[in-house]
Amino acid sequence: ITSGNTWKGILINKKKDGSLYYESAVIFPIKAPSQDIINYAAVKRDVTNEKILEDQLLQSQKLEAVGQLAGGIAHDFNNILTAINGFAALSQMKVKKNSSIWHDLKSIQESGKRAADLIRQLLAFSRKQIIEPRIIEINVILSELEKMLKRLIGEDVKLRTIPGEKLGPIKADPSQIGQILINLVLNARDSIQSKAGTAREKKITIQTSERFLDQSFVQNHAGCNTGRHILISVSDTGSGISEDIIGKVFDPFFTTKEKGEGTGLGLSTVYGIVKQNKCNIFVESKKGEVRLLQFTGPVP
1 ITSGNTWKGI LINKKKDGSL YYESAVIFPI KAPSQDIINY AAVKRDVTNE
51 KILEDQLLQS QKLEAVGQLA GGIAHDFNNI LTAINGFAAL SQMKVKKNSS
101 IWHDLKSIQE SGKRAADLIR QLLAFSRKQI IEPRIIEINV ILSELEKMLK
151 RLIGEDVKLR TIPGEKLGPI KADPSQIGQI LINLVLNARD SIQSKAGTAR
201 EKKITIQTSE RFLDQSFVQN HAGCNTGRHI LISVSDTGSG ISEDIIGKVF
251 DPFFTTKEKG EGTGLGLSTV YGIVKQNKCN IFVESKKGEV RLLQFTGPVP
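Taking full-length UniProt numbering, the leading residue of the sequence shown gets 1, the next gets one more, and so forth.
What follows is the structure in structure tokens.
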């Protein structure tokens with residue numbers, strides 16, 4: 001600018017209340033007849049919403065690319081694993097039961113089953129699972145799962161369900177919607193347990209409601225469409241997610257747990273299932289505050 005040229009770009013600025021925002025700026029020099037710079041002028045525009053949407057689109061494209069890669073690897077590895085598990089089972093039939101070799105072969109099969117489970121999660125993330133969508137009532141699915149969910153999270157964590165009234169149906173695979181709820185609740189439980197020792201109540205809340213997504217909402221949430229949607233929200237009183245990692249929570253193998261305590265595929269599996277069923281998911285959280293994961297399904 002000091003050399004007399006115009007500058008264009010995106011800046012981060014601060015509002016009077018202290019909050020930050022993105023602005024598109026054009027700054028240019030004002031020159032005297034002698035061509036000396038006597039002042040500067042700027043044209044600025046708040047582009048925070050556009051920047052948020054752009055970041056969401058980039059994240060979606062990244063997950064799409066990773067999903068295609070993961071799906072291809074998982075498919076090929078599954079074929080190899082099928083042979084390994086099959087030959088281990090056949091070999092086990094040919095040796096004396098409870099012998100050292102028999103137990104070794106059993107260990108191979110157990111490891112193979114764990115590997116197969118990881119492959120299923122990768123295939124779910126890459127949206128390569130076969131689905132059977134049909135018209136379902138989300139409150140019915142939630143009611144059928146409630147007892148099992150309470151057993152999964154343990155007696156020390158309170159589960160509260162708040163079913164919305166007169167909800168419309170959605171078209172989705174009921175077993176996969178159930179898997180979404182299970183994964184989200186287990187993830188919430190782990191978040192709560194990681195904050196063990198605090199005075200905060202250990203609670204997970206699942207709430208269903210009907211919501212009209214307007215243009216302003218869609219502009220800030222990439223992949224969403226305007227119209228009536230069924231909203232399923234899962235919140236917990238855990239440790240929350242810091243802003244620097246909130247964009248990574250759906251990445252495969254990303255985890256905040258200690259090494260060996262998790263695969264990092266729980267939320268990425270949820271993301272793949274949600275997208276395969278033509279739904280959307282987003283997360284709202286701040287470190288140390290209640291975390292909220294929500295996914296929506298369009299009303300047919």
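From the three backbone atoms N, C-alpha and C, an ideal C-beta is built for every residue, glycine too. None of the values given here were measured: they were computed from a predicted structure.
Looking at the structure shown, is VAL218 part of a helix, part of a strand, or coil, going by DSSP? helix
Other residues of its chain near THR82: CB distance less than 8 angstroms, five sequence neighbours each side excluded: Closer than 8 angstroms at Cβ, skipping near neighbours: no residue.
Per DSSP, the bridge partner or partners of ALA25: GLY9 and LYS44
Burial state of ASN49 (16 or more Cβ within 10 Å): An exposed status is given to ASN49, since fewer than 16 other beta-carbon atoms sit within 10 Å of its beta-carbon.
If we ignore side chains and look at the alpha-carbon of each, how far apart do GLU110 and ALA89 end up? 11 angstroms
Pick out whichever of ASN183, ALA116 and VAL157 has its Cα sitting closest to the Cα of LEU145. Scanning ASN183, ALA116 and VAL157 for the CA closest to the CA of LEU145 turns up ASN183.
Would you kindly report the start and end of the unbroken alpha helix (DSSP H) that includes LYS275? 266-276
Where does ALA88 sit, in a helix, a strand or coil, going by DSSP? It is helical.
Express the C-alpha separation of LYS51 and TYR21 in angstroms, rounding to a whole number. Cα to Cα, TYR21 sits roughly 10 angstroms from LYS51.
For the alpha helix (DSSP H) containing GLN179, list its first residue and its last residue. 174-193
Whose CA, out of GLY240, ALA188 and LEU142, lies closest to the CA of ASN164? Inspection of the sequence shows that residue 164 is occupied by Gly rather than by Asn. Residue LEU142 is the option with its Cα nearest to GLY164.
If you pair each beta-carbon of the region 171-179 with each one of the region 133-141, do three or more pairs fall below 8 angstroms? yes
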